[in-house]
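Beneath this line is the structure, given in structure tokens, with notes to follow.
2 protein chains.
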Amino acid sequence: MTDRRIPDATVARLPAYLQALVDAAEAGVRTISSDELAQAAGLNSAKVRKDLSFLGTYGTRGVGYHVAELTTEISGVLGLTDDRPVVIVGVGNLGRALASYDGFARRGFTIAALVDVDPALIGTDIAGHRVAAPDTLPAVVSDKGVGLAVLTTPAAVAQAVTDRIVDAGVTAILNFAPVHLDVPDTVTVRTVDLSTELQILSFYAHLAGDLPVATGR
Amino acid sequence: MTDRRIPDATVARLPAYLQALVDAAEAGVRTISSDELAQAAGLNSAKVRKDLSFLGTYGTRGVGYHVAELTTEISGVLGLTDDRPVVIVGVGNLGRALASYDGFARRGFTIAALVDVDPALIGTDIAGHRVAAPDTLPAVVSDKGVGLAVLTTPAAVAQAVTDRIVDAGVTAILNFAPVHLDVPDTVTVRTVDLSTELQILSFYAHLAGDLPVATGR
DNA sequence: CATTGTGAACTTATTCACAGCG
DNA sequence: CGCTGTGAATAAGTTCACAATG
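In structure tokens:
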């Protein structure tokens, strides 16, 4: 336990624990066991305990974890103690949908700016935000302390836009463009490719023996 | 190599290889090395070779992989040789954005139906599709051979809707609701939670030492 | 002779199982 | 007694490194 490092797989599950804890708190529960947490997150209790042990010793044997205390701890580890401003770059269908998505705000992510290159969009109002030009990015990022960007541009321009975002000082990017992005290793990228997800699912559906398509039978 | 099973981690990368191969074909390339594939997908060549070796022996030593042949092979493994019909369940902001997203169609996923419970939406036209009532699901699924569903309902109803989708005969679900879904183990679920993704990124941005928010300094 | 295919080494992640403790 | 915390065992994934070969 002298190792301060939290495994990637654990980090990826912390948000699920946080969600379960918030739900539990809303239900008036003060204490929760690793098994109940596992249930809520669709995992097993051993994994939960191992994960939480990387954060330190927050449980009480025979009782479980104190909901409020563990919530604070996980929020702290994830860097969510204050609201985190986010910029959305690319205001197409998906960018617009994300700008209107209240789940972000509910979990502490506020939209600091919406950015697009299209002159017809710049200055218009989307979901209560004025669309800004790309050259405003550096100022917004440094003025509002933006660390996170959501990239929803077409694939063809994604790398070029990424370079600008990184230059502006963003250190983490949620990429919805279906391309691999090259960034300096000071920057973290997570790519969510909707077609890729469907293709992976297609593999397992196919494996399970479903018919490829209804041509015939 | 007597094991017919393809590791999950490999399956998750096959779509990226497929994309790289399609791009290569469009550029007129007939043959591609593991290193070039790795480059395009943001991986290393050893991983590419190991992954492809699970599919069989498709490379030529000293030369590389035949682009067209490998494309066919991966498409087959992923079950993408025919178009795959998909239903989108939940026509809120995100459902609408996905219905309009041309990336699905371009990769062989056609929208078989848009479904919502809201009577005000049922019968209206969204992105060229007529919104249907949930009770039409079983008929659509069996008539069109739908195996995949995209779930974009609010979290509160996601499990109930999932139960209906599963009953209707869908075997794979792409879930955008921020909850764990319980399904029989004949059904595969992949959950994409946008807030979770941002929270994970927040951790790494935080680690890298960015300021949580611009309050002060 | 460039590049694949793959055992072997290594690293990371998961699960087991039980001692430790409130 | 119930539940955590954790070493030890197992499994999955990645990287190395090199013989095999078109």
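Chains as they are written, first to last, in this note's numbering: chain Z, -16 to 200; chain F, -16 to 200. Glycine included, each C-beta is placed from N, C-alpha and C at the ideal position.
At least one C-beta of chain F is nearer than 8 Å to the C-beta of GLU180/Z. Of the residues assessed, GLY39/F falls on the exposed side of the cut-off, its CB having fewer than 16 other CB atoms within 10 angstroms.
For ILE57/Z, the enclosing alpha helix (DSSP H) covers residues 50 to 61.
Taking ILE183/F as reference, the option from ALA110/Z, ASP126/Z and ALA(-8)/Z with the minimal CA-CA separation is ALA(-8)/Z. LYS33/F and LEU26/F have their C-alpha atoms spaced approximately 12 Å apart.
Look at ASN27/Z here: in three-state DSSP terms it is coil, with no helix or strand label. The distance from the Cβ of ALA82/F to that of ILE109/F is about 5 Å, consistent with a contact at the 8 Å cut-off. If you keep only unbroken alpha helix (DSSP H) runs of at least 4 residues inside the region 120 to 174 of chain F, you get 120 to 127 and 138 to 151. Assigned with DSSP and collapsed to three states, LEU38/F falls in coil, not helix or strand. Membership of ALA115/Z in the beta strand (DSSP E) is indicated by the continuous run 112 to 115. Looking at PHE37/Z, GLN2/Z, GLY11/Z and TYR41/Z, the one whose alpha-carbon comes closest to that of GLN22/Z is GLN2/Z. Residue state for ILE105/Z is assigned as coil, using DSSP reduced to three classes. For the pair ALA151/Z and PRO102/Z, the Cα-to-Cα distance works out to about 21 Å. Collapsing the DSSP output to three states places ALA96/F in a strand. Under the DSSP assignment, ILE183/Z falls in the alpha helix (DSSP H) whose first and last residues are 177 to 190. In the structure shown, the three-state DSSP call for GLY47/Z is strand.
It is roughly 7 Å from the alpha-carbon of ASP65/Z to the alpha-carbon of GLY91/Z. In the assembly as shown, GLY59/Z is an exposed residue. Its beta-carbon has fewer than 16 other beta-carbons within 10 Å. In the DSSP assignment, ARG67/F is bridged to PHE92/F.
Taking a cut-off of 8 Å on C-beta distances, the region 109 to 129 of chain Z does not touch the region 170 to 188 of chain Z, as fewer than three cross pairs fall below it. Judged by beta-carbon spacing, TYR48/F lies beyond the 8 Å limit of ALA24/F, meaning their Cβ atoms are not closer than that value. Note on geometry: alpha-carbon atoms of ASP85/F and LEU(-3)/Z lie some 33 Å from one another. Within chain Z, no residue has its beta carbon less than 7 Å from that of VAL149/F; the closest one is some 12 Å off. Identification of chain Z residues near PRO167/F by a Cβ-Cβ cut-off of 8 Å yields none; the smallest Cβ-Cβ distance measures about 11 Å. For TYR84/F, no alpha helix (DSSP H) segment is defined, and its DSSP state is neither H nor E.
One thing to note: TYR187/F has its Cβ within 8 Å of the Cβ of ALA155/Z. Residue pairing by DSSP places THR(-7)/Z opposite no residue, since no beta bridge is assigned to it. Contact annotation, GLU19/F with TYR41/F: C-beta distance approximately 15 Å; criterion of less than 8 Å not satisfied. Within chain Z, the residues LEU184, TYR187 and ALA188 have their CB atoms less than 7 Å from the CB of THR171/F, given in chain order. Residue pairing by DSSP puts VAL72/Z in a beta bridge opposite VAL98/Z and LEU134/Z. Closest in alpha carbon position to ALA10/Z, among THR43/Z, VAL50/Z and VAL140/Z, is VAL50/Z.
One thing to note: ALA116/F has its Cβ within 8 Å of the Cβ of ILE105/F. Put simply, the region 130 to 146 of chain F touches the region 156 to 167 of chain F. At least three CB pairs are less than 8 Å apart. In this structure, VAL100/Z is the residue among VAL100/Z, LYS127/Z, GLY130/Z and LEU177/Z with its C-alpha nearest to the C-alpha of GLY75/Z. For LEU63/F, at least one C-beta of chain Z is nearer than 8 Å to its own C-beta.
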